[in-house]
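To start, the structure itself, in structure tokens.
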Amino acid sequence: MATDYQALLLEQAGGVLRITMNRPEALNALNTQMVRELREVFQALYYDRSVRVVMLEGAGRAFCAGLDLKESAGRQEGGKRRTPEQGLDGQRSIAEIYVAMRRCPQPIISIVQGSAAGGGFALALASDIRILSEDARMNAAFIRIGLSACDMGVSYFLPRMIGMSLASEYMLTGRFITAERAMQIGLANRVVPHTELHKEADAFAEDMLHATPLGLRLTKDGLNQAIDAGGLEAAMAIEDRNQILTSTDPNFAEGIAAFFEKRKPNYS
Numbered sequence: 035m036a037t038d039y040q041a042l043l044l045e046q047a048g049g050v051l052r053i054t055m056n057r058p059e060a061l062n063a064l065n066t067q068m069v070r071e072l073r074e075v076f077q078a079l080y081y082d083r084s085v086r087v088v089m090l091e092g093a094g095r096a097f098c099a100g101l102d103l104k105e106s107a108g109r110q111e112g113g114k115r116r117t118p119e120q121g122l123d124g125q126r127s128i129a130e131i132y133v134a135m136r137r138c139p140q141p142i143i144s145i146v147q148g149s150a151a152g153g154g155f156a157l158a159l160a161s162d163i164r165i166l167s168e169d170a171r172m173n174a175a176f177i178r179i180g181l182s183a184c185d186m187g188v189s190y191f192l193p194r195m196i197g198m199s200l201a202s203e204y205m206l207t208g209r210f211i212t213a214e215r216a217m218q219i220g221l222a223n224r225v226v227p228h229t230e231l232h233k234e235a236d237a238f239a240e241d242m243l244h245a246t247p248l249g250l251r252l253t254k255d256g257l258n259q260a261i262d263a264g265g266l267e268a269a270m271a272i273e274d275r276n277q278i279l280t281s282t283d284p285n286f287a288e289g290i291a292a293f294f295e296k297r298k299p300n301y302s
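Under this note's numbering, think of the first position of the sequence shown as 35, with each following residue one higher.
Now the structure itself:
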């Protein structure tokens with residue numbers, strides 16, 4: 035994986051990859067550079083067995099303020115109007131980030147402080163775990179700038195997490211969801227003081243690393259499949275497949291031994 039990114043900082047320690055969006059002066063808004071780099075990183079993770087858990091965060095006082103509207107406005111003022119084909123290409127170049135986040139087998143822990151708006155809100159929703167600071171605020175900002183709130187997977191993720199009624203409330207109005215409210219409605223996994231964000235994220239990662247590499251990957255895959263499964267039997271067919279695959283994995287014996295010996299597992 036490339037390490038010479040301009041808009042991202044990557045740091046890997048053991049099986050944990052920390053991705054930091056690094057445009058603090060712009061509240062980590064998604065410009066063309068960051069979009070390309072985020073897409074490349076998450077797409078590359080699909081085949082990266084050295085990374086078992088991903089942490090996503092933003093530098094400075096915000097997680098991600100959404101699309102860089104200044105860059106977008108500058109392109110429109112400086113050139114010709116985009117054709118529908120060009121617009122769709124640009125839209126898909128961003129949307130593929132969120133598809134790749136769900137497709138990559140590593141669990142993604144988002145560490146959210148300050149604003150997570152629009153595309154930044156979608157980054158948090160596309161993650162598996164959301165840890166919020168007490169000052170975090172999230173919203174589907176698209177509807178407040180003349181667009182539909184149904185963008186970047188928000189209309190898929192949000193109703194599944196909090197139900198149609200609450201999703202309608204926040205998507206039709208663009209209202210902010212505070213950290214306290216996010217916890218109440220099941221959108222946040224934890225809300226902690228800003229100084230405790232990394233400690234909480236590290237604790238989640240540590241627990242995840244007790245799973246075998248294959249077991250962890252197939253659990254995320256199974257959850258992805260089950261959320262849209264056609265019924266109980268369809269979901270259980272996926273579970274049956276996963277259990278047979280993991281039980282024949284050489285790491286299964288090490289996981290059992292570590293459990294009984296009350297020690298950290300040492301997986302190959």
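Ideal Cβ placement from N, Cα and C applies to all residues, glycine included.
Fill in: Length of the line joining the Cα atoms of Ser144 and Ser189
On the sequence shown, position 110 is the one that residue 144 refers to. On the sequence shown, position 155 is the one that residue 189 refers to. Rounded to the nearest angstrom, the gap between the Cα atoms of Ser144 and Ser189 is 19 Å.
Discussion item. Give me the DSSP bridge partner(s) of Gly180.
Written reply: Stepping through the sequence shown from its first residue, residue 180 is reached at position 146. Note: Gly180 sits in no beta bridge, so no partner.
Item to complete: Under the assumption that Ala174 contacts Tyr204 (Cβ atoms under 8 Å), give the Cβ distance between them as a whole number of angstroms.
Response: Your numbering for residue 174 matches position 140 in the sequence shown. Your numbering for residue 204 matches position 170 in the sequence shown. The pair is a contact, with the Cβ atoms about 6 Å apart (cut-off 8 Å).
Discussion item. Quick check: the Cα distance between Arg52 and Val87, rounded to an integer number of angstroms?
Written reply: Translated into the one-based positions of the sequence shown, residue 52 becomes position 18. Translated into the one-based positions of the sequence shown, residue 87 becomes position 53. So the two alpha carbons sit approximately 9 Å from each other.
Worksheet item: Measuring CB to CB, does Gly208 end up less than 8 Å from Tyr132?
Response: Within the sequence shown, residue 208 is the residue found at index 174, counting from 1. Within the sequence shown, residue 132 is the residue found at index 98, counting from 1. Not in contact: Gly208 and Tyr132 (Cβ atoms no closer than 8 Å).
Fill in: Cα-Cα separation, Ile196 to Gly289
Looking up residue 196 in the sequence shown gives position 162. Looking up residue 289 in the sequence shown gives position 255. So the alpha carbons of these two residues sit roughly 34 Å apart.
Worksheet entry | Selected residue, minimal CA-CA separation from Thr54, among Arg251, Phe97, Phe191, Phe238 | Here the question's residue 54 lines up with position 20 in the sequence shown. Among Arg251, Phe97, Phe191, Phe238, the Cα nearest to that of Thr54 is on Phe97.
Item to complete: Using a threshold of 8 Å, state whether the C-beta atoms of Ser149 and Val226 are closer than that.
Response: Position 115 of the sequence shown, counting from 1, holds the residue named residue 149. Position 192 of the sequence shown, counting from 1, holds the residue named residue 226. With contacts defined as CB atoms closer than 8 Å, Ser149 and Val226 fail to qualify as a contacting pair.
Worksheet item: Thinking just about the alpha-carbon of each residue, which of Arg95, Ala268, Asp283, Thr253 is nearest to the one in Arg19?
Response: As displayed, the chain neither begins before 35 nor continues past 302, which places residue 19 out of reach and without an answer.
Worksheet entry | Whole alpha helix (DSSP H) elements within the segment 144-216, 4-residue minimum | 153-159, 188-196, 198-207
Fill in: C-beta atoms of Leu248 and Asn300 nearer than 8 Å
If you number the sequence shown from 1, residue 248 lands on position 214. If you number the sequence shown from 1, residue 300 lands on position 266. No, the Cβ-Cβ distance between Leu248 and Asn300 is not below 8 Å.
Worksheet item: CA-CA distance, Leu101 and Leu72?
Response: To locate residue 101, count along the sequence shown from 1; it is residue 67. To locate residue 72, count along the sequence shown from 1; it is residue 38. Distance between the alpha carbons of Leu101 and Leu72 is about 13 Å.
Item to complete: Indicate whether Val85 and Gln46 have their beta-carbon atoms separated by less than 8 Å.
Response: Working through the sequence shown from its first residue, we reach residue 85 at position 51. Working through the sequence shown from its first residue, we reach residue 46 at position 12. Against a cut-off of 8 Å, the Cβ pair of Gln46 and Val85 comes out as a contact.
Practice prompt. Please list, in chain order, all residues of the same chain as Asn223 whose beta carbon is under 7 Å from its beta carbon, the five residues on each side excluded.
Written response: Numbered from its first residue, the sequence shown carries residue 223 at position 189. In the same chain as Asn223, and ignoring 5 residues on each side of it, the C-beta atoms closer than 7 Å to its own belong to Ile163, Arg164, Ile165, in chain order.
Item to complete: Give the range of the alpha helix (DSSP H) segment to which Leu72 is assigned.
Response: Counting from 1 along the sequence shown, the entry for residue 72 is found at position 38. That run of the alpha helix (DSSP H) goes 66-78.
Worksheet entry | CB contact flag (Arg171, Thr212, <8 Å) | Numbered from its first residue, the sequence shown carries residue 171 at position 137. Numbered from its first residue, the sequence shown carries residue 212 at position 178. In terms of Cβ geometry, Arg171 and Thr212 form a close pair [threshold 8 Å].
Fill in: Spatially closest choice to Ala63 from Glu273, Ala151, Asp169, by CA coordinates
In the sequence shown, residue 63 corresponds to position 29, counting from 1. Nearest of Glu273, Ala151, Asp169 to Ala63, Cα basis: Ala151.
Worksheet item: Relative to the alpha-carbon of Gly180, which residue among Gly220, Pro141, Leu103 has its alpha-carbon at the smallest distance?
Response: The residue labelled residue 180 in the question sits at position 146 within the sequence shown. For the residues Gly220, Pro141, Leu103, the minimum Cα distance to Gly180 belongs to Leu103.
Worksheet item: Can you tell which of Gly153, Arg275, Ser199 has the C-alpha that lies nearest to the C-alpha of Ile177?
Response: Counting from one through the sequence shown, the residue named residue 177 turns up at place 143. That would be Gly153, whose Cα lies nearest to the Cα of Ile177.
Worksheet item: What is the DSSP secondary structure of Ala271, counted as helix, strand or coil?
Response: Numbered from 1 along the sequence shown, position 237 holds the residue referred to as residue 271. Of the three classes helix, strand and coil, the one that applies to Ala271 here is helix, per DSSP.
Worksheet item: Can you tell me whether DSSP reads Val85 as helix, strand or coil?
Response: Stepping through the sequence shown from its first residue, residue 85 is reached at position 51. DSSP places Val85 in coil when its eight states are reduced to three.
Practice prompt. Determine the direct distance from the alpha carbon of Met242 to that of Asp255, and round the result to whole angstroms.
Written response: To locate residue 255, count along the sequence shown from 1; it is residue 221. To locate residue 242, count along the sequence shown from 1; it is residue 208. Rounded to whole angstroms, Asp255 to Met242 spans 15 Å at the Cα level.
Discussion item. Beta-carbon within less than 8 Å of Glu59's beta-carbon, same chain only, minus the 5 sequence neighbours each way: which residues are those?
Written reply: Numbered from its first residue, the sequence shown carries residue 59 at position 25. Closer than 8 Å at Cβ, skipping near neighbours: Gly94.
Fill in: Buried versus exposed, by CB contacts within 10 Å (16 or more), Pro139
Locating residue 139 in the sequence shown gives position 105, counting from the first residue. Buried, since its Cβ has 16 or more Cβ neighbours within 10 Å.
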